[in-house]
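Asks:
Number of protein chains: 2
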Amino acid sequence: MTTLLWQGKYLEVRLDGTWEFVRRVGAMGAAVILATTDAGEIVLVEQLRRALGRHTIELPAGLIGDDGDFDPAAAAARELAEETGFVAADWVNLGDFATSPGMSAEMFTLFRARGLTRTGPGGGVDGEDIIVHVVPLAGVAEWLDAARARGCVIDSRLLVALALV
Amino acid sequence: MTTLLWQGKYLEVRLDGTWEFVRRVGAMGAAVILATTDAGEIVLVEQLRRALGRHTIELPAGLIGDDGDFDPAAAAARELAEETGFVAADWVNLGDFATSPGMSAEMFTLFRARGLTRTGPGGGVDGEDIIVHVVPLAGVAEWLDAARARGCVIDSRLLVALALV
């Protein structure tokens with residue numbers, strides 16, 4: 000049993016006991032895409048994120064259902080094409096994850112995309128200003144260090160590309 | 000320039016242009032711990048998360064500064080001990096990450112902890128009811144599948160333990 004504390008246009012805050020947490024209005028999920036090329040590169044996106052006031056490096060991603068289509072796989076294919084210009088022949092659903100369960104109800108579905116062909120420039124839609132980076136996996140840790148050094152924030156989903164254990 | 004839309008006890012919602020986002024009151028960060036044993040196991044925690052209404056599987060973690068000490072490394076050591084009962088001889092700061100930059104200002108610092116010794120049962124403090132799991136890394140993907148099958152949600156930070164690329 001949760002109580003609505005505040006509702007905006009995109010986000011709402013709820014209370015369960017003494018726990019405050021946020022969720023998207025309509026409880027929309029997200030699709031996140033781990034896209035790798037046949038040449039062993041990973042497709043990353045860079046954009047200004049208002050929540051941080053800084054540029055971030057992220058996996059391509061987008062909301063599920065904001066266009067009326069609630070199929071996660073369709074959202075993943077659409078977002079990969081819009082943000083990066085790549086289309087993928089091979090898709091695998093890698094499961095659902097929670098982004099920050101201590102404060103947020105947000106979940107995302109992770110997709111692996113392979114068999115990539117670039118059919119457009121990417122960059123996003125509706126005023127999104129997305130820079131596409133195609134980075135060799137063998138050097139991704141060093142590439143992310145360099146991105147941090149020029150002021151970028153690294154999204155936690157990039158942990159999937161770092162061999163830390 | 001951001002505008003405060005709502006403030007609760009723990010969370011606040013801000014607006015930048017048309018972008019709504021959440022942050023913790025006081026902008027506290029978090030420490031997240033990738034703790035592995037000499038035997039090649041990873042230390043995981045399971046707890047009920049009110050934001051999801053379900054049990055989650057996560058890396059040990061905790062807020063930085065909620066006890067008045069704003070040193071991330073100190074928070075990491077404290078949380079690892081409180082939640083899991085392990086102390087670590089070797090600590091490495093693996094950098095800062097954003098959990099969900101499309102909707103949240105939340106950041107965390109990831110620490111790698113090795114040279115583990117178990118000195119207590121863990122379980123958390125102040126009514127936290129945390130179950131500790133010590134899982135062989137070689138079988139962690141299958142273990143997480145089984146956790147999902149019994150109804151658990153997997154935290155996105157577990158991506159660090161999955162060899163998906």
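Protein chains in written order, with numbering that gives the first Met the number 0: chain Y, 0 to 164; chain X, 0 to 164. Positions of the beta carbon are idealized from the N, C-alpha and C atoms, including for glycine.
(1) Identify which residue in L10/X, Q6/X, R48/X has its Cα closest to the Cα of G126/X.
(2) CB T55/Y to CB E45/Y, shorter than 8 Å?
(3) Quick one, are the C-beta atoms of G84/Y and P120/Y less than 8 Å apart?
(4) Secondary structure at S99/Y, three-state DSSP: helix, strand or coil?
(5) Along chain Y, which residues have their Cβ under 9 Å away from the Cβ of W18/X?
(6) CA-CA distance, T98/X and T108/Y?
(7) Let me see if you follow: with CB-CB separation under 8 Å, is T36/Y close to chain X or not?
(8) According to DSSP, what are the bridge partners of M106/Y?
(9) Name the chain X residues that come within less than 7 Å of V152/Y, Cβ to Cβ?
(10) Distance, Cα to Cα, A146/Y vs P100/X?
(11) Tell me where the beta strand (DSSP E) around L79/X begins and ends.
(12) What do you reckon, are the CB atoms on T35/Y and V134/X nearer than 8 Å?
(13) Compare the C-beta of V42/X with all C-beta atoms of chain Y and state if any pair is closer than 8 Å.
(14) Determine, for T116/Y, whether the minimum Cβ-Cβ distance to residues of chain X falls below 8 Å.
(15) Might you give, ordered along the chain, the residues of its own chain that have their beta carbon closer than 7 Å to the beta carbon of E78/Y, omitting 5 neighbours on each side?
(16) Please classify A26/X: is it buried, with 16 or more other beta-carbons within 10 angstroms of its beta-carbon, or exposed?
(17) Just to confirm my understanding: we take R156/Y, look at its own chain, exclude 5 residues before and 5 after, and list those with CB closer than 6 Å. What are they?
(18) Roughly how many angstroms separate the alpha carbons of A50/Y and D65/X, rounded to a whole number?
(19) Listing by chain order, which chain Y residues have their CB less than 7 Å from the CB of L93/X?
(20) Would you say L10/Y and V24/X are within 8 Å of each other, going by their C-beta atoms?
(21) Shorter than 8 Å from the beta carbon of A88/X to some beta carbon of chain Y?
(22) Buried or exposed, going by whether 16 or more other CB atoms sit within 10 Å of the CB of L28/X?
(23) Who are the Cβ neighbours of L14/X in its own chain at under 7 Å, not counting the five residues just before and after it?
(24) For the beta strand (DSSP E) holding R147/X, just list the boundary residues, first then last.
(25) In angstroms with no decimal places, state the Cα-to-Cα distance between E82/Y and R111/Y.
(26) Considering Cα atoms alone, identify which of G114/Y, H132/Y, R53/Y is closest to W90/Y.
(27) Excluding the five sequence neighbours on either side, which residues of its own chain have a C-beta within less than 8 Å of the C-beta of P71/Y, listed in chain order?
(28) What do you get for V124/X, buried or exposed, if any count of 16 or more other CB atoms within 10 angstroms of its CB means buried?
(29) Measuring straight from C-alpha to C-alpha, what distance separates G67/Y and A74/Y?
(30) So V42/X and V131/X are supposed to be a Cβ contact under 8 Å. How far apart are they, rounded?
(31) Looking only at its chain, what residues have a beta carbon closer than 8 Å to the beta carbon of T118/X, apart from the 5 residues adjacent to it on each side?
Replies: Reading from the atomic positions:
(1) R48/X
(2) yes
(3) yes
(4) coil
(5) Y9, R48, R49, A50
(6) 15 Å
(7) no
(8) A97/Y
(9) A97, P100
(10) 16 Å
(11) Element bounds for L79/X: not the beta strand (DSSP E) but the alpha helix (DSSP H), 71–83.
(12) no
(13) no
(14) no
(15) A30, I32, P59, A60, G61
(16) exposed
(17) V31, L58
(18) 22 Å
(19) L163
(20) no
(21) no
(22) The question names Leu, yet the displayed sequence has Gly at residue 28/X. Burial call: buried.
(23) T1, T2, L4
(24) First-last for R147/X: 139–148, but that is the alpha helix (DSSP H), not the beta strand (DSSP E).
(25) 16 Å
(26) G114/Y
(27) G28, A30, I63, N92, T108, F110
(28) exposed
(29) 10 Å
(30) 7 Å
(31) A80, G84, F85, V86
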